[in-house]
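Have a look at the structure below before the remarks.
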Amino acid sequence: MDNVTIRQRVQQRSGERSSLESLWKLVERFISPYRTMFFTSKTSEASVDWRLRDLYDSTAIFANQNLAASLDSSLTNSAIQWFHYTFKQPEAMEYIEVLQWLEVCNRIAYQTLQESNFSLEANELYLDLTSFGVGGMGQEVIEKPNGSMDSFDFKTVPLDEFYFDQDYRGMVLNFYRKFYWTAQQILTKFGRDNIPVKIYDQAISGTRSNERHEIIYAIYKREGSEFDRADTFGILEPDARPYGFKYFLKESLEDLGEEGGFYEMPVYIPRWRKATGSVWGWSPSMTAIYDVLSLNQLVELVFSAGEKAIDPAIITTKRGVFGNIDLSAAGVTIVSDMKAMQAFESKARFDVSSISKTELQQAINRAYFMDQLQLKESPAMTATEVNARIQLMQRLLGPTYGRLQFDFLDQLLNRTFKILYRYQKLPPVPAIVQQNGWELDIDYLGPLAKAQRYGDAQAIERVLGTATAMNETFPGITDNINSDEAIRELGEVSGAPAKIWNSKSEVDQTRKARAEEMAQQKELATAQQAGEAGQSLGKAGQELKLMQGGQAEGEQAA
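Okay, so the sequence shown: first residue is 41 according to our numbering, each after it adds one.
See below:
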């Protein structure tokens, strides 16, 4: 894709969303201050306006931050391993070597993400989602001098800087970003030989090194069947990779550096909910903004009325005051009559404003699910209350979680796995996997993912408990339950580590050995019983012979 086409697309995309940006500006001003700074110049540090005195209430700001934090802790909580790789085919999980391989891959992938700045940037992304309904995050690889992988570098892109095209599935097809860099930043990024001479001259100048230049960065899908068939698990030259990228100066269209390539789209653009007919999304902040504006204006009016009540106006007659009015401490004002000068009471109804303020604050908190997501004020919650809270979280955030999984987490973890595989950070794939062509899949283990599967665990536990109780009255009723599948399903839903499980072949061997041991014990017991019976018969025979011998001697004696 040439530079002229890219610049034209950026200009067109910018014009298409101009009406939406006016709403984003209100959200940024009253709910998410300093997040994007729409319609402000960024040509220099001095052009940034840090003043926000027209903001009179922070209810929406804190509610928005709390919702973003709830998303962070529910989806990608850094304190727990919130995902693991698996296979779509259930039979793959019967092999212990497959389970062990997956366990190692999961540990390496999770540790690599933990060592990067993913957790920091993810929270910024969630804040954009709850504020503007859309966010953008880029993922790049930091290499060591020898070309091996060092770590990941994540960057949440400000909403006012990027645009994108999507394919028929709603996934990111092309990505465009425009931003400002100083001449020094351009020099340190691309080097002296890969930038225009005028940029280099500014970078080494004593007075112009901090001048900012507008740059366009584009990532685009390359056209051609050879790119569609490219093996992204193998190493490819930059110009043979499915996605290309380039930097250039917007005004002069001069290239900065050389064109590069990506194996996969390295930018993820999740949306809170999609707006019909638009590639952009909508958010709780866009729903609450009108209550936020009303509350902000109400508080401003209350402050104005409070100022009049605290320092009221003075009324007097035309000739009631001699000289100037002195309202300072210990000041003296001469009047003709004590009634000639009085304070003008505004008689403002602060009680009415207090009720209206409370109602607006409650409406704003409801828009951000604050009343449902916050824990009750008690020293501890019972297990039943915790379960109810989890189910409530599932109902409130379940639809959003499904979209975030499709737009963001699936793409992130699939690309992470491929990158680690290409850099040989993962162990070799087991032969049984390659022979059967099993497909990799992802299970999510965060609190919200568990909440969506919590009902399955509860249903299994209820059935097992009921069957056990009924088995005393109706023997054999537990024969209806496949106990192996039940315990494995419970373990999968609960996120139990793979290392605690034996493979089905090991289970069969253990059961076979146990059955053989029980059979041997039964044979020994039978033989022992037979021996004891034989001994009893022999002893009885001897006693009978003795008795018969005694009778014969008695007859002879007689």
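Cβ atoms here follow ideal geometry from the backbone N, Cα and C, with glycine treated the same way.
- Note that the C-beta distance between G210 and W312 is not below 8 Å.
- Take Q121, set aside five residues on each side of it, and the residues of its chain with a beta-carbon closer than 6 Å to its own are Y150, in chain order.
- Put simply, of I244, L95 and T116 the residue whose alpha carbon is nearest the alpha carbon of L341 is L95.
- Q401 and T99 have their alpha carbons spaced roughly 7 Å apart.
- Ranked by Cα distance from E137, the first of I472, I500 and D496 is I472.
- By the CB criterion at 8 Å, L453 and I500 fall outside the cutoff.
- Taking K562 as the centre and dropping the five residues before and after it, the same chain places no C-beta closer than 8 Å to its C-beta.
- Put simply, of S368, N186, G178 and G300 the residue whose alpha carbon is nearest the alpha carbon of F202 is G178.
- A contact between stretches requires three or more CB pairs, one per stretch, nearer than 8 Å, and the segment 150-164 meets this requirement with the segment 452-467.
- In this model, R551 and Q560 are separated by some 14 Å (Cα to Cα).
- When secondary structure is reduced to three states using DSSP, A162 falls in the helix class.
- The distance from the Cβ of G301 to that of G284 is about 5 Å, consistent with a contact at the 8 Å cut-off.
- Inter-segment contact for the segment 59-77 and the segment 286-306 is absent: fewer than three beta-carbon pairs are separated by less than 8 Å.
- For secondary structure counted as the beta strand (DSSP E) over 3 or more consecutive residues, the segment 232-314 holds these complete runs in sequence order: 252-261, 283-289 and 295-302.
- Distance from the CA atom of T152 to the CA atom of F343, rounded to whole angstroms, is 51 Å.
- The shortest CA-to-CA distance from K458 to any of F215, A403 and Y125 is the one to Y125.
- In summary, R69 is buried, with 16 or more beta-carbon neighbours lying within 10 Å of its beta-carbon over all protein chains present.
- Taking a cut-off of 8 Å on C-beta distances, the segment 323-330 touches the segment 99-110, as three or more cross pairs fall below it.
- Following the DSSP letters along the chain, one finds N214 inside the beta strand (DSSP E) bounded by residues V212 to T222.
- In this structure, Y166 sits near L111, with a CB-CB distance shorter than 8 Å.
- In this model, E529 and R462 are separated by some 33 Å (Cα to Cα).
- Look at A370 here: in three-state DSSP terms it is coil, with no helix or strand label.
- Distances from the CA of T398 to each of V332, E180, D548 and V375 were compared; the closest alpha carbon is that of V332.
- In this structure, A270 is the residue among A270, S54, E291 and V237 with its C-alpha nearest to the C-alpha of R281.
- The three-state reading of DSSP puts Q154 in helix, counting H, G and I together.
- Look at L335 here: in three-state DSSP terms it is helix.
- Bridge partners of I482 according to DSSP: Y125.
- Rounded to whole angstroms, the gap between the alpha carbons of D351 and A388 is 13 Å.
- For R147, the closest of K286, K465, Y208 and S368 by C-alpha to C-alpha distance is K465.
- Taking C-alpha positions only, N163 is separated from Q412 by approximately 21 Å.
- If you look at Y461, you'll find it isn't in any beta strand (DSSP E); it sits in the alpha helix (DSSP H) that goes D450 to R462.
- A direct Cα-Cα distance of roughly 35 Å separates A345 from L60.
- Annotation: the continuous alpha helix (DSSP H) that includes I472 extends over A471 to N476.
- V197 is positioned such that its CB atom lies no closer than 8 Å to that of F204.
- DSSP links T196 through a beta bridge to M177.
- For D112, the enclosing alpha helix (DSSP H) covers residues T99 to L115.
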